Amino acid sequence: MSERLIKLKIPIYLTTILGILMIIEFYFPMPEPITNINVTLRSFVTIVSAAGLILGIIILTIAHLRKISKKESGWYYSIIYLVGLVITSALGLTSVRNTTFLWIYNNMTAPIGVALYSLTAFYITSAAYRVFRARNWNAAVLLVCAFIVFMMLIPVGAVIFPPVVPIGEWLRSYPSSAGFRGMIIGVSLGIIGLGVRVYTGRQKEHMGIREERMEAS
Amino acid sequence: MSVIVAGRALGLVVLVIIVSAILWFMMRAYSGKLPKLRRLPAVDIIDEIIGRCVEMGRPAWYLMDNVRMDTPSVLAPTVAAFQILAYVARSAARLGAKFFVPVTQGVAYTIANDIVEEAYRAEGKPEDFDPFGTVMYLPEGADRMYILNNMWSQQIAGAFLLGSWYHKAIIYTENAARVGAVMLGGTDTTHNIPFLVAVCDYSIIGEELYALGAYLSQDPTQSASLAGQDIGKFIAIIMMVLGAILATLGIDISSIFSI
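Going down the list, the sequences are from chains C and W. FYI, this note's numbering numbers position 17 of the first sequence as 17, with every residue one higher than the one before it. Here this note's numbering = 1-based position in the second sequence + 217.
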């Protein structure tokens with residue numbers, strides 16, 4: 001079989017057949033054997049993802065080893081990565097319920113994640129300070145609306161100026177909701193279009209294959 | 218046993234109409250009849266950003282945030298972001314920009330790696346592609362620290378933030394803005410669209426994420442599919458107007474949604 005058939009045609013056919021099978025299952029009641037096939041196929045996604053994770057870790061480890069061997073800038077951080085990888089992998093492979101493994105997760109990984117997540121509040125504030133400037137008419141409308149909603153949400157806003165609450169609620173319930181619903185409709189249509197392009201084999205980038213190379217080969 | 222799952226008949230009818238319209242426009246494109254499409258401003262901006270990075274000798278980054286391809290709501294914007302990545306990577310390879318794509322999921326990493334590698338090959342510069350550095354797998358969680366640190370140390374000059382974006386949208390865009398990077402942002406995650414629109418220099422909103430990929434593909438049949446999507450918009454507008462009139466007249470037809 002040609003490389004084109006194996007790397008391009010078969011994945012497209014599989015994508016189309018399995019994708020349509022999933023759509024049919026969504027709209028039409030299917031006999032149990034077909035539903036079971038679909039459930040099994042969905043579990044394949046988890047297995048493929050796990051395989052991808054292993055590949056990613058291998059590539060990342062190689063990149064860090066290369067960084068250490070070349071003594072690139074910040075190479076000593078790569079040693080921390082390698083030590084962390086070996087320790088957590090060893091503990092995790094022994095047992096994910098291992099208390100030391102859980103301690104590392106609960107007391108090191110989770111707090112760092114939460115701390116970084118909490119940065120969002122500060123970045124939103126600084127972004128708002130930079131963005132909310134009445135540079136033109138549109139920006140002025142945005143500024144006024146944002147200020148009203150902001151005043152509505154903080155407790156003192158209603159005390160200072162009570163009408164800010166119904167105005168803010170109106171802004172959120174009507175113009176804002178209408179805009180978001182318009183976006184959702186547009187996005188849904190975009191996803192349908194994307195699906196058609198993928199199922200007809202016109203869009204191939206998700207397979208990591210470019211038509212030029214296949215034709216050249 | 219009913220033929221169709223209850224409550225999904227109307228959705229199926231609308232889906233069939235929209236898909237038929239898209240296929241019809243694609244078939245017309247095969248025979249050379251192309252619909253007139255407005256040029257998306259983002260098309261020119263991609264080359265502008267890459268060109269700026271080359272002039273300044275600083276890297277361009279392509280960030281996709283959540284790329285969990287086993288989650289249906291994330292899969293579609295990720296696939297759209299991959300299509301745009303193919304064009305951006307080619308542009309970076311052609312113009313000689315230092316290009317970096319961090320990815321936080323294994324499957325998405327392999328795909329992104331192949332796309333970028335092929336882009337460099339297609340431009341005849343495979344030697345510029347670093348298999349361990351151009352596209353990098355960063356475990357979810359660790360990616361934020363790596364990206365924030367390297368944004369400042371490398372002083373990136375351009376950033377593309379496309380795909381499915383959540384809270385990282387504001388963290389990355391704000392830092393990229395502070396280091397002076399020009400940004401193109403776009404997501405279909407409705408609650409994060411405002412952040413990308415507000416902070417990024419250029420933005421594509423909602424469905425433009427899907428349209429841009431098709432537009433950049435230079436494949437007339439893909440571009441033609443965008444015209445088919447407009448049929449769906451007309452249906453949505455008609456249904457909204459009709460619904461508003463019926464609701465004003467006090468006529469309840471909500472039972473048709475349970476068929």
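From the three backbone atoms N, C-alpha and C, an ideal C-beta is built for every residue, glycine too. Owing to the predicted nature of the structure, the values given are computational and were not obtained by experimental measurement.
Less than 8 Å between the C-beta atoms of S370(W) and T406(W), yes or no?
No, the Cβ-Cβ distance between S370(W) and T406(W) is not below 8 Å.
Delimiting residues of the beta strand (DSSP E) encompassing F377(W)
F377(W) -> beta strand (DSSP E) spans 375-381.
Can you tell me whether S188(C) is helix, strand or coil according to DSSP?
In the structure shown, S188(C) sits in a helix (DSSP, three-state: H, G or I).
Consider the Cβ of Y326(W): report whether some Cβ of chain C lies at a distance smaller than 8 Å.
Interface flag for Y326(W) against chain C is set, since a Cβ pair is found closer than 8 Å.
So what's V320(W) in DSSP terms, helix, strand or just coil?
In the structure shown, the three-state DSSP call for V320(W) is strand.
Let me check understanding here. Comparing Cα to Cα, which of S472(W), I387(W), R269(W) lies closest to A127(C)?
Taking each of S472(W), I387(W), R269(W) in turn and checking the Cα distance to A127(C), the smallest one comes out for I387(W).
Using the Cβ count rule (16 or more neighbours within 10 Å means buried), how would you classify P411(W)?
P411(W) counts as buried, since no fewer than 16 other beta carbons sit within 10 angstroms of its beta carbon.
I422(W) versus S434(W), Y432(W), N409(W), residue with shortest Cα-Cα distance:
Comparing Cα positions, the closest option is N409(W).
Starting from the N-terminal side, write out each stretch of the beta strand (DSSP E) that is 3 residues or longer and does not extend beyond the segment 441-471 of chain W.
You should have found no qualifying run.
Quick check on DSSP: helix, strand or coil for A134(C)?
It is coil, neither helix nor strand.
Assumed close pair G219(W), P29(C) - CB separation to whole angstroms, cut-off 8 Å:
What sits at residue 219(W) in the sequence shown is Ser, not Gly. Contact flag correct, Cβ pair sits at about 7 Å.
Closest to G84(C) by C-alpha separation, out of T109(C), I185(C), I54(C), would be which residue?
The shortest Cα separation from G84(C) among T109(C), I185(C), I54(C) belongs to T109(C).
For my contact list, I239(W) and G201(C) are in at a C-beta cut-off of 8 Å; report their separation, rounded to the angstrom.
Not quite, the Cβ-Cβ distance comes to about 14 Å (not below 8 Å), so this is no contact.
Rounding to the nearest angstrom, what Cα-Cα distance links G460(W) and R225(W) in this structure?
Using only the alpha carbons, I get a separation of about 18 Å.
Decide yes or no for the touch test of the segment 439-459 of chain W against the segment 251-261 of chain W: beta carbon pairs closer than 8 Å, at least 3 of them.
Flag = yes, the segment 439-459 of chain W and the segment 251-261 of chain W touch.
Where Q322(W) meets chain C, residues with beta-carbon distance less than 9 Å
In chain order: S49, G52, L53, G56.
With 8 Å as the C-beta to C-beta threshold (strictly closer), list the residues of the segment 103-120 of chain C near chain W in chain order.
Residues of the segment 103-120 of chain C whose Cβ lies closer than 8 Å to any Cβ of chain W, in chain order: T109, I112, G113, L116, Y117, L119, T120.
Are the C-beta atoms of F180(C) and some chain W residue less than 8 Å apart?
Yes, because at least one Cβ of chain W sits closer than 8 Å to the Cβ of F180(C).
Along the beta strand (DSSP E) that carries V220(W), what are the first and last residues, could you check?
Counting along the chain, V220(W) falls outside any beta strand (DSSP E), and DSSP gives it neither H nor E.
Positions along the segment 145-157 of chain C whose CB lies within less than 7 Å of some CB in chain W:
Per Cβ criterion, the list is empty.
Range of the contiguous beta strand (DSSP E) that encloses M281(W):
Note, M281(W): beta strand (DSSP E), 277-282.
Among the candidates Y304(W), T404(W), D418(W), whose CA atom is the shortest distance from the CA of R395(W)?
Of the candidates Y304(W), T404(W), D418(W), the one whose C-alpha sits nearest the C-alpha of R395(W) is D418(W).
My assumption, with CB atoms under 8 Å, is that P343(W) sits in contact with L280(W). Please give the rounded CB distance.
In fact, because the Cβ distance is near 24 Å, the residues do not count as touching under 8 Å.
Can you tell me whether V352(W) is buried or exposed, with buried defined as 16 or more other CB within 10 angstroms of its CB?
That one is buried.
For A303(W), which residues in the same chain have their Cβ closer than 7 Å to its Cβ, ignoring the five residues on either side in sequence?
Here A303(W) has I332, A336 as same chain residues with Cβ atoms under 7 Å from its own Cβ, once five neighbours each way along the sequence are excluded.
For S73(C), does the three-state DSSP call read helix, strand or coil?
Coil at S73(C), not helix or strand.
Measure from the C-beta of K450(W) to each C-beta in chain C and report whether the shortest distance is under 8 Å.
Closer than 8 Å to some Cβ of chain C, the Cβ of K450(W) qualifies, so yes.
Please confirm whether Y389(W) and I364(W) have their CB atoms less than 8 Å apart.
For the 8 Å CB-CB criterion, Y389(W) and I364(W) form a contact.
In terms of residue numbering, what span does the alpha helix (DSSP H) encompassing S434(W) cover?
For S434(W), there is no enclosing alpha helix (DSSP H), as DSSP gives it neither H nor E.
Only counting the same chain, and skipping five residues up and downstream in sequence, which positions put a Cβ closer than 6 Å to that of Q203(C)?
Taken in chain order, the residues that qualify are R197.
Taking CB distances under 8 Å as the criterion, tell me whether F101(C) reaches chain W.
Not closer than 8 Å to any Cβ of chain W, the Cβ of F101(C) fails to qualify, so no.
Would you mind telling me which residues of chain C sit closer than 7 Å to D436(W), beta carbon to beta carbon, in chain order?
For D436(W), the neighbours in chain C by C-beta distance under 7 Å run, in chain order, R202.
Here's the rule I'm using: 16 or more other beta-carbon atoms within 10 Å means buried, otherwise exposed. How should A277(W) be labelled?
With 16 or more other Cβ atoms from the protein chains shown falling within 10 Å of its own Cβ, A277(W) counts as buried.
Based on Cα-Cα distance, which residue from I454(W), G402(W), A415(W) lies nearest to R429(W)?
According to the sequence as given, residue 429(W) is Leu; it is not Arg. Checked all of I454(W), G402(W), A415(W); the closest Cα to L429(W) is G402(W).
Members of the segment 416-427 of chain W that neighbour chain C once the beta carbon cut-off is set at 9 Å
Against chain C - using a Cβ distance shorter than 9 Å - the residues of the segment 416-427 of chain W are V416, I422, G423, E424, E425, L426, Y427.
What three-state label does DSSP hand V96(C) in the structure shown?
V96(C) falls in the coil class under three-state DSSP.
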